[in-house]
Amino acid sequence: MSGATVRPAARRQRAVVFAYHNVGVRCLKVLLAGGVDVALVVTHEDSADENIWFESVIALCRSEGIAYLTPADAKSAELLASVRAAQPDLMFSFYYRNMLPAELLALAPAYNMHGSLLPAFRGRAPVNWAVLHGADATGATLHEMTVKPDAGAIVAQTAVPILPDDSAFEVFGKVTVAAEQTLWTVLPALLAGRAPRLVNDLSQGGYFGGRKPEDGRIDWSQPAQQVYNLHRAVAPPYPGAFTDLAGVRYVIERARLGKQSSEQISNVAALSLPAGLAVVDNCIFGVCGDGRMLTISALSADGAAVSAQQLHTRLAASASGQ
């Protein structure tokens, strides 16, 4: 048309993304679908000592032709130079496991996706801690990154329920979807420079550290609900809640805590069952400090399933001092 003005297409915003795990994969896909130019991804090599049950960011980068790095040190001068050379307009961290130093954060506005409803459960392993503490909800929060972890202004968040029998693995699946929804919903405003900035009240909630396999040790003197929460928080594919007996480590693979009447609790007392593993009517139970029991449907030792009969024989031998 004569006299028409042709406007140049708007330049796609360029991002450097630090990503790992399922949240890293799904949120990277959101950025790509949203038209972001992902110039560089920084991720981790999988550890041979870890049960890798989650999706691969490296595999996604290879399939999409995205350049990626796997530096051993997030504070290295080489990584800083690589990110600076990418000239990002924005930076994102999606379940990347290392803290980003101030020098990196100074290169562009940076946003992190955290697996809780901030300010609750700041720090490491937020899903596992939420289940361990018996929370009935959690979610995903996109927030501005600062040197202090999980302390920046909240951009957006999405809640998900934690059902009474949900394991951390099941909750993590919900949080992954919540992270995808959160980023997809707010991304247009973020790219337009109009993202919300909500107060992240650090006087609420608290910081939690990473969890080690040893943290799964069961204290049978605790009430059954606490023992059950521990089981749910670390159930496979996490290392699992465990108890040691006669030099053997038993890992609870599956268990339930049903509603038990005062009569049933009295029956446990009448059987004089000590706290810990027990076999009653060819079923495995975990007797807890309040007299309630976990029904254990799958128990293992040294990676092999342990039947009720096998456990009964071992318990009897232990009691007799053999």
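The opening residue of the sequence shown carries number -15 in the numbering used here; numbering runs sequentially from there.
C-beta: ideal position from N, C-alpha, C; glycine also.
Since the model is a prediction, treat every value here as computed from it, not as a measurement.
What distance in whole Å lies between the Cβ atoms of C11 and F78, which are believed to be in contact at a cut-off of 8 Å? The residue given as residue 78 occupies position 94 in the sequence shown. The residue given as residue 11 occupies position 27 in the sequence shown. Going by Cβ atoms, the distance from F78 to C11 rounds to 4 Å, so yes, they are a contact pair.
How many Å lie between T297 and L278 at the Cα? Residue mapping note: residue 297 aligns to position 313 of the sequence shown, counting from 1. Residue mapping note: residue 278 aligns to position 294 of the sequence shown, counting from 1. For T297 and L278, the distance between alpha carbons rounds to 20 Å.
Only counting the same chain, and skipping five residues up and downstream in sequence, which positions put a Cβ closer than 8 Å to that of A86? Numbered from its first residue, the sequence shown carries residue 86 at position 102. V131.
Environment of E34 [buried if 16+ CB atoms lie within 10 Å]: The residue given as residue 34 occupies position 50 in the sequence shown. Classification of E34: exposed, given that the 10 Å Cβ count is below 16.
Can you give me the start and stop residues for the alpha helix (DSSP H) that N6 sits inside? Residue 6 sits at position 22 when you count from the first residue of the sequence shown. Element bounds for N6: H5 to A17.
For G8, does the count of other Cβ atoms within 10 angstroms reach 16, so buried, or fall short, so exposed? Stepping through the sequence shown from its first residue, residue 8 is reached at position 24. Buried, since its Cβ has 16 or more Cβ neighbours within 10 Å.
For the beta strand (DSSP E) containing Q141, name the first residue and the last one. As a position in the sequence shown, residue 141 is number 157, starting the count at 1. I138 to P145 is the span of the beta strand (DSSP E), which, as asked, contains Q141.
Between the alpha carbons of L295 and V263, how many angstroms are there, rounded? Along the sequence shown, read from residue 1 onward, the residue named residue 295 stands at position 311. Along the sequence shown, read from residue 1 onward, the residue named residue 263 stands at position 279. Cα to Cα, the separation comes out at about 7 Å.
Could you name the residues of the same chain whose beta carbon sits closer than 8 Å to that of A300, not counting the 5 residues immediately before and after it, in chain order? On the sequence shown, residue 300 is found 316 positions in, with the first residue counted as 1. Result list for A300: empty, nothing under 8 Å.
Once the 5 residues before and after R216 are set aside, which same chain residues still bring their CB inside 6 Å of it? Taking the sequence shown and counting its residues from 1, the one referred to as residue 216 is at position 232. Answer for R216: V115 and S151, listed in chain order.
Along the beta strand (DSSP E) that carries I280, what are the first and last residues, could you check? Indexing the sequence shown from 1 puts residue 280 at position 296. Counting along the chain, the beta strand (DSSP E) containing I280 begins and ends at M277 to A285.
By a C-beta neighbour count over all protein chains shown, 10 Å radius and 16 as the cutoff for buried, is S31 buried or exposed? Looking up residue 31 in the sequence shown gives position 47. So S31 counts as exposed.
For my contact list, L74 and L63 are in at a C-beta cut-off of 8 Å; report their separation, rounded to the angstrom. Counting from one through the sequence shown, the residue named residue 74 turns up at place 90. Counting from one through the sequence shown, the residue named residue 63 turns up at place 79. At roughly 17 Å, the Cβ-Cβ gap does not stay under 8 Å, so L74 and L63 are not in contact.
Using the Cα positions of R(-4) and D21, report the straight-line distance between them to the nearest angstrom. Counted from its first residue, the sequence shown places residue -4 at position 12. Counted from its first residue, the sequence shown places residue 21 at position 37. Between R(-4) and D21, the C-alpha separation is close to 6 Å.
Where the alpha helix (DSSP H) through A300 begins and ends: What you label residue 300 is simply residue 316 of the sequence shown in a count that begins at 1. Per DSSP, A300 belongs to the alpha helix (DSSP H) from A292 to A303.
Quick check on this structure: which residue in F38, A58 and V25 has the alpha carbon closest to the alpha carbon of R46? On the sequence shown, position 62 is the one that residue 46 refers to. Nearest of F38, A58 and V25 to R46, Cα basis: V25.
Rounded C-alpha distance that separates A135 from E164: Within the sequence shown, numbered from 1, the residue matching residue 135 stands at position 151. Within the sequence shown, numbered from 1, the residue matching residue 164 stands at position 180. Roughly 21 Å between the two C-alpha positions.
Nearest by alpha-carbon distance to V111: which of D203, V218, L167 and Y212 is it? On the sequence shown, position 127 is the one that residue 111 refers to. Residue V218 is the option with its Cα nearest to V111.
In three-state DSSP terms, what is G200? Position 216 of the sequence shown, counted from the start, is the residue given in the question as residue 200. Here G200 sits in helix by DSSP.
Could you pull out every residue in the same chain whose Cβ sits closer than 8 Å to the Cβ of A137, ignoring the five residues on either side in sequence? Numbered from 1 along the sequence shown, position 153 holds the residue referred to as residue 137. Excluding positions up to five away in sequence, the list reads H127, E128, R181, L182, V183 and N184.
With a 10 Å radius around its C-beta and 16 neighbouring C-beta atoms as the bar for buried, classify P145 as buried or exposed. On the sequence shown, residue 145 is found 161 positions in, with the first residue counted as 1. Burial call: exposed.
Mapping the DSSP letters down to three states, classify F105 as helix, strand or coil. Here the question's residue 105 lines up with position 121 in the sequence shown. Residue state, collapsed to three classes: coil.
Which one or two residues does DSSP pair with V232 in a beta bridge? Start at 1 with the first residue of the sequence shown, and residue 232 comes out as number 248. V232 is bridged to L229.
For the beta strand (DSSP E) containing T122, list its first residue and its last residue. Locating residue 122 in the sequence shown gives position 138, counting from the first residue. Run containing T122: A121 to E128, per the beta strand (DSSP E) assignment.
R181 Cβ short of 7 Å to the ligand GTP heavy atom set: Ligands displayed in this structure: none; no statement on the ligand GTP is therefore possible.
Beta carbon of Q206 nearer than 8 Å to that of C272: Residue mapping note: residue 206 aligns to position 222 of the sequence shown, counting from 1. Residue mapping note: residue 272 aligns to position 288 of the sequence shown, counting from 1. In contact: Q206 and C272 (Cβ atoms closer than 8 Å).
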